[in-house]
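Residue numbers (the working numbering), protein chains in the order written: chain A, 61 to 228; chain B, 3 to 162; chain C, 296 to 688.
Beneath this line is the structure, given in structure tokens, with notes to follow.
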Amino acid sequence: MKLSERLVRWARLKSPWIILFNSGACNACDIEILAALTPRFDVERFGILAKGSPRHADILMVTGPVTRKQAKRLRMIYEQMPDPKYVIAMGACGASGGVFKGLYHVVDGVDKIVPVDVYVAGCPPRPDEIIDAVVRCLELMKKDMERGGKTWRIDEGTEEPRTEAATA
Amino acid sequence: MTQRGLDLERVTQAMGEFGLVEQVRQNRIRVASTRERVRDAIVRAKDRLGCDHVIQIACVDTGKVLELHYHLTGAHRTVVTIRAELPRDDSRIASVHDLLPPAGIYERQMHDLMGIRFEGHPDLRRIILNEDWPESEYPLRKDWKMDPTKFYGGVRKEAT
Amino acid sequence: MPEVLIPIGPQHPALKEPVNFKIFAEGERIVRLELDIAYNHRGIEKAAESRDFIKVVPLLERICGICSHSHTTTFVKGIEEAMGLQIPDRAQYIRTIVAELERMHSHLLWLGVAAHEIGFNTLFMWTWRDREVVQDLLEEISGNRVNYGINEVGGVRRDIRPETAEAALRQMDFLDSRVVEYEQMVREEPTTLARFRGVGRLTKEQALAFGAVGPTARASGVDYDIRKDDPYLAYADIPFEVVTVPDGDVFGRTLVRIGELRESIRILRHAFGHLPSGPLRINAPRGAPRAEILSRYEAPRGELAHFIRTNNTDRVERLDVRTPTLANWTSVAMTLPGHHLADIPVVVAAIDPCLSCTSRITIVDRERRDVRTMTWDELRAHGVRFYRAKEGI
Numbered sequence: 061m062k063l064s065e066r067l068v069r070w071a072r073l074k075s076p077w078i079i080l081f082n083s084g085a086c087n088a089c090d091i092e093i094l095a096a097l098t099p100r101f102d103v104e105r106f107g108i109l110a111k112g113s114p115r116h117a118d119i120l121m122v123t124g125p126v127t128r129k130q131a132k133r134l135r136m137i138y139e140q141m142p143d144p145k146y147v148i149a150m151g152a153c154g155a156s157g158g159v160f161k162g163l164y165h166v167v168d169g170v171d172k173i174v175p176v177d178v179y180v181a182g183c184p185p186r187p188d189e190i191i192d193a194v195v196r197c198l199e200l201m202k203k204d205m206e207r208g209g210k211t212w213r214i215d216e217g218t219e220e221p222r223t224e225a226a227t228a
Numbered sequence: 003m004t005q006r007g008l009d010l011e012r013v014t015q016a017m018g019e020f021g022l023v024e025q026v027r028q029n030r031i032r033v034a035s036t037r038e039r040v041r042d043a044i045v046r047a048k049d050r051l052g053c054d055h056v057i058q059i060a061c062v063d064t065g066k067v068l069e070l071h072y073h074l075t076g077a078h079r080t081v082v083t084i085r086a087e088l089p090r091d092d093s094r095i096a097s098v099h100d101l102l103p104p105a106g107i108y109e110r111q112m113h114d115l116m117g118i119r120f121e122g123h124p125d126l127r128r129i130i131l132n133e134d135w136p137e138s139e140y141p142l143r144k145d146w147k148m149d150p151t152k153f154y155g156g157v158r159k160e161a162t
Numbered sequence: 296m297p298e299v300l301i302p303i304g305p306q307h308p309a310l311k312e313p314v315n316f317k318i319f320a321e322g323e324r325i326v327r328l329e330l331d332i333a334y335n336h337r338g339i340e341k342a343a344e345s346r347d348f349i350k351v352v353p354l355l356e357r358i359c360g361i362c363s364h365s366h367t368t369t370f371v372k373g374i375e376e377a378m379g380l381q382i383p384d385r386a387q388y389i390r391t392i393v394a395e396l397e398r399m400h401s402h403l404l405w406l407g408v409a410a411h412e413i414g415f416n417t418l419f420m421w422t423w424r425d426r427e428v429v430q431d432l433l434e435e436i437s438g439n440r441v442n443y444g445i446n447e448v449g450g451v452r453r454d455i456r457p458e459t460a461e462a463a464l465r466q467m468d469f470l471d472s473r474v475v476e477y478e479q480m481v482r483e484e485p486t487t488l489a490r491f492r493g494v495g496r497l498t499k500e501q502a503l504a505f506g507a508v509g510p511t512a513r514a515s516g517v518d519y520d521i522r523k524d525d526p527y528l529a530y531a532d533i534p535f536e537v538v539t540v541p542d543g544d545v546f547g548r549t550l551v552r553i554g555e556l557r558e559s560i561r562i563l564r565h566a567f568g569h570l571p572s573g574p575l576r577i578n579a580p581r582g583a584p585r586a587e588i589l590s591r592y593e594a595p596r597g598e599l600a601h602f603i604r605t606n607n608t609d610r611v612e613r614l615d616v617r618t619p620t621l622a623n624w625t626s627v628a629m630t631l632p633g634h635h636l637a638d639i640p641v642v643v644a645a646i647d648p649c650l651s652c653t654s655r656i657t658i659v660d661r662e663r664r665d666v667r668t669m670t671w672d673e674l675r676a677h678g679v680r681f682y683r684a685k686e687g688i
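This is the structure:
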């Protein structure tokens, strides 16, 4: 691997930039994400930074069951991110729509709109579980870099890309 | 706590001509009105009973009619509710946004979800349903069902 | 009339939330404000009609993750009124305790967010660190930091052990000392004085006419507080004051919330110290008789109203929710015109919107004839720079 590639890979793993997207959530997940930034949990010691622009982000964290209004926006934000990109779907809503499953204004789950790499269980997940999810995502990133992309996940036997579920 | 509150007699004196006045529970009195007289009833409640604060404008679909409930209060802390019924196939009523400024928002929302037309409202655009939601589909109506052949907003299937 | 669009959900200014503002400006001056809110609509009121009372409670808990107890309490007490139930005293006290802890966590959260909006990040970190004490108490009592799930129709689901009550009383002392320090900070810090004083002015008449509720209204001298006006839970038995100030600006709203933090500590001290013994719940019937209830509750953001129609079944015929943020938006729309763009983050944050604050703001400048788009972060940074230049801070 060239030196420049090694440098980029090191930077990406050492200091991932995260963009947060609320797709119509009740806010509990968002508050717990913010709490992860505050002194008790302090996610910034892992080098994780929350950035505003999708064009600079490595990881997209999505909260909410995806309302019909936000679905297009979510798609757009995902498409603006440069490769390689990762999506973490927060909570019960992110996985399946949560308590809002089947309601007339929701699309039921982030993976209906964008491919998801990590699901975090909880309603809402605790800040420690959120940090755990990000760390698992970084491990996934490392594996993907070693194996040249995400296709190894499909090749290894399952129908759809295998994903890691982060649980308590 | 200072003695305040409107009693049933006072409210009946001020509002009795609009319709039946009842004490629903302690601190809540309800006045029946027709849709044509709702504006007059609100003006009367403001002028004679000091109801200068709107709590909520609630709407209900009973299956037979649409009901509107204007919950007002004031320094007396009693809730005075003015209610009116609208036929389901002709759900128009005069807007009260000039009498109660927050109604501007509440009426827009009820129009989106229940299909009530507030005449005289300056801007009855979509406010709470997404821009791709089909016209004339009012989800909070009792007889509304999602049509599987229609697109209600989000990302279309072909695009994923 | 400035048109305002409002979301039904809760979103917060510090969070990248889905609300879109359209601001018509002339240079730096706001002329008109338009808000778009469909981003958070999920269809909860409709779902409530097809879920029975047991299933509806967890749904309502998640209308808003910051004031979840407010929504479930308002609902269950409305259904209990329809059923004619007398809830045991111990349950009422436990509900009150969780309610006031929720108010505390919400106000501390708000204080941090308001500080963040003006670039005062130290205060943000301190308040959120101290807020963790409240979260720990809530977790101890209910099993969860957020979305406590303590309510059910008929009472509460979990008890407070004596050791928890004792530990809580000690924490109240700690929190009280912290709040006193925050008040001093806010009153003396040049940034807060420059950014909050005189901004977002709302007179008493305007507050009443525009339907403002909660700390937003109480900061304009309107002493409406449902805990006193229409007492519920255990509030009739617990001594406390309604906090009002006459200022009518964002500074006033800050002082009201700080005052309410101290009053909440007072209520909690009394409640933890005088927990009545007895059962936690009574058996509720499966269905509720025909009734029409307006259930009101003083949530951290202001008055929450649930209009409930029951019809002799185990579900509601109609649940119409009017959140406090919905009530406060009109005052934002009416008072922002004339202000600087730089004041937007502060005035919007000052009503403590349980609604999201936008990820994108479009500014239509009639004077320069251009249309720019800013993110909330950019607007916040613009605000900090603007006042730094203007006031030298």
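Even for Gly, the Cβ is constructed at its ideal location relative to N, Cα and C.
Considering just the uninterrupted stretch of the alpha helix (DSSP H) at residue i, what are its terminal residues?
| i | result |
| --- | --- |
| residue 137 of chain B | First-last for residue 137 of chain B: undefined, no H or E at that position. |
| residue 374 of chain C | 363 to 378 |
| residue 105 of chain B | 105 to 116 |
| residue 14 of chain B | 10 to 17 |
| residue 212 of chain A | 211 to 215 |
| residue 437 of chain C | 416 to 437 |
| residue 354 of chain C | 348 to 356 |
| residue 96 of chain B | Where residue 96 of chain B is concerned, there is no enclosing alpha helix (DSSP H), although the beta strand (DSSP E) it sits in stretches over 94 to 96. |
| residue 340 of chain C | 339 to 345 |
With a cut-off of 8 Å, does the C-beta of residue i fall near any C-beta of chain B?
| i | result |
| --- | --- |
| residue 167 of chain A | yes |
| residue 137 of chain A | no |
| residue 504 of chain C | yes |
| residue 602 of chain C | yes |
| residue 683 of chain C | no |
| residue 68 of chain A | no |
| residue 173 of chain A | yes |
Find the nearest neighbour of residue i within the set the options, judged by alpha-carbon distance.
| i | options | result |
| --- | --- | --- |
| residue 70 of chain B | B:102, B:112 and B:141 | B:112 |
| residue 382 of chain C | C:575, C:555 and C:355 | C:575 |
| residue 57 of chain B | C:553, C:520, C:573 and C:629 | C:520 |
| residue 152 of chain B | B:145, B:144, B:90 and B:139 | B:139 |
| residue 394 of chain C | C:365, C:500 and C:415 | C:365 |
| residue 36 of chain B | B:30, B:29 and B:44 | B:44 |
| residue 165 of chain B | B:68, B:74 and B:60 | As displayed, chain B neither begins before 3 nor continues past 162, which places residue 165 of chain B out of reach and without an answer. |
| residue 560 of chain C | C:456, C:471 and C:438 | C:471 |
| residue 377 of chain C | C:612, C:629 and C:522 | C:612 |
| residue 451 of chain C | C:392, C:417 and C:413 | C:392 |
| residue 513 of chain C | C:597, C:686, C:412 and C:640 | C:597 |
Bridge partners for residue i per DSSP, in chain order?
| i | result |
| --- | --- |
| residue 73 of chain B | B:58 and B:83 |
| residue 89 of chain B | B:67 |
| residue 615 of chain C | C:602 |
| residue 25 of chain B | B:31 |
| residue 446 of chain C | C:451 |
| residue 150 of chain A | A:180 |
Does any CB atom of chain C fall closer than 8 Å to the CB of residue i?
| i | result |
| --- | --- |
| residue 53 of chain B | no |
| residue 15 of chain B | no |
| residue 84 of chain B | no |
| residue 232 of chain A | Absent from the model: residue 232 of chain A. The displayed extent of chain A is 61 to 228, so no value can be given. |
| residue 104 of chain A | no |
| residue 189 of chain A | no |
| residue 99 of chain A | yes |
Would you verify that the beta carbon of residue i is, or is not, closer than 8 Å to some beta carbon of chain A?
| i | result |
| --- | --- |
| residue 141 of chain B | yes |
| residue 155 of chain B | yes |
| residue 676 of chain C | no |
Which stretch, first to last residue, makes up the beta strand (DSSP E) that contains residue i?
| i | result |
| --- | --- |
| residue 122 of chain A | 119 to 123 |
| residue 405 of chain C | Where residue 405 of chain C is concerned, there is no enclosing beta strand (DSSP E), although the alpha helix (DSSP H) it sits in stretches over 384 to 412. |
Practice problem: Can you give me, in chain order, the residues of the segment 414 to 433 of chain C that have a beta carbon less than 7 Å from any beta carbon in chain A? | Solution: 420, 423, 424 and 427
Practice problem: Select from the segment 334 to 357 of chain C all residues with a C-beta closer than 7 Å to any C-beta belonging to chain E, and list them in chain order. | Solution: The displayed structure is made up of protein chains A, B and C, and chain E is not among them.
Exercise. Can you give me, in chain order, the residues of the segment 140 to 160 of chain A that have a beta carbon less than 8 Å from any beta carbon in chain C?
Key: 158, 159 and 160
Quiz item: In the segment 576 to 601 of chain C, which residues sit with their C-beta less than 8 Å from some C-beta in chain B, listed in chain order?
Solution: 587, 589, 591, 598 and 600
Exercise. Name, going along the chain, the residues of the segment 361 to 383 of chain C whose beta-carbon falls closer than 9 Å to a beta-carbon of chain A.
Key: 361 and 363
Quiz item: the segment 618 to 634 of chain C: which residues have C-beta closer than 8 Å to a C-beta of chain B, in chain order?
Solution: 621, 622, 624, 625 and 629
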